[in-house]
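Peer 1:
Residue numbers (our numbering): 5 to 191.
#1: In the segment 83 to 165, which residue ranges form an unbroken beta strand (DSSP E) of at least 3 residues, counting only runs that do not cross its ends?
#2: How close, in whole Å, do the beta carbons of residue 71 and residue 53 come, if the pair is a contact with beta carbons under 8 Å?
#3: Please classify residue 22: is it buried, with 16 or more other beta-carbons within 10 angstroms of its beta-carbon, or exposed?
#4: By a C-beta neighbour count over all protein chains shown, 10 Å radius and 16 as the cutoff for buried, is residue 110 buried or exposed?
#5: Roughly how far, in whole angstroms, is the beta-carbon of residue 8 from the beta-carbon of residue 24, given that I think they are within contact range, below 8 Å?
#6: With C-beta atoms as the reference, is residue 118 less than 7 Å away from residue 94?
#7: Can you give the Cα-Cα distance for residue 130 and residue 38, rounded to whole angstroms?
#8: Under a three-way DSSP split, which group does residue 67 fall into?
#9: Please state the DSSP three-state secondary structure of residue 35.
#10: Using 10 angstroms around the beta-carbon of residue 142, count the other beta-carbons present and answer buried if the total reaches 16, otherwise exposed.
#11: Please state whether DSSP places residue 25 in a helix, a strand or coil.
#12: What distance in whole Å lies between the Cβ atoms of residue 98 and residue 87, which are believed to be in contact at a cut-off of 8 Å?
#13: Take residue 17 as the anchor and find which of 123, 26, 27 and 33 has the nearest alpha-carbon.
#14: Pick from 133, 148 and 73: whose alpha carbon is nearest that of residue 44?
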């Protein structure tokens, strides 16, 4: 089955120059690139793996293989933690997924297993219970990012409301009056 449309941000480098998809037979390998982008975005607060500060646009970065994974050390300007903060297993899968000409992108089962192991390795930040990170990393990269750039990454959880602690309301709403019903619509 051929599909004539595609989204450049989720299309692998091998199809970036295809122009029209009308004559392209796509394979599961092509879909796995898009899956890897989605996994990356879920892990890194919506960031695209080819959105490089001061770099080319996303389709050009995909086509040329430019990705933030190339320099995955530390915190990239304005976007937060990098793939090294996801641990070595997920970092390796991300490298495989975005390498040009690799031909062996991780499939859904591989991602699922690795993400399962990743979640068991996460620990809660001692300073902000909205932050989770790999225990082996040391300091929380989300705290470092928030401190460095003065912005909150994750919205704070609202306080829990306990209705039983409020007590009865002393003000009663007015009773509806039959004489007022429907007067707003009559002319």
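Quick reminder that beta carbons are idealized off the backbone N, C-alpha and C, glycines included. As the structure is a computational prediction, the values presented were derived from the model and not from experiment.
Peer 2: Based on what the coordinates show:
#1: Runs of beta strand (DSSP E) with 3 or more residues, each lying fully within the segment 83 to 165, are found at 126 to 128 and 136 to 138, listed in chain order.
#2: 5 Å
#3: exposed
#4: buried
#5: Right, their Cβ atoms sit about 7 Å apart.
#6: yes
#7: Using only the alpha carbons, I get a separation of about 34 Å.
#8: In the three-state DSSP reduction, residue 67 falls in the helix class (H, G or I).
#9: helix
#10: exposed
#11: Residue state, collapsed to three classes: coil.
#12: 5 Å
#13: 33
#14: With distances taken between Cα atoms, residue 44 lies closest to 73.
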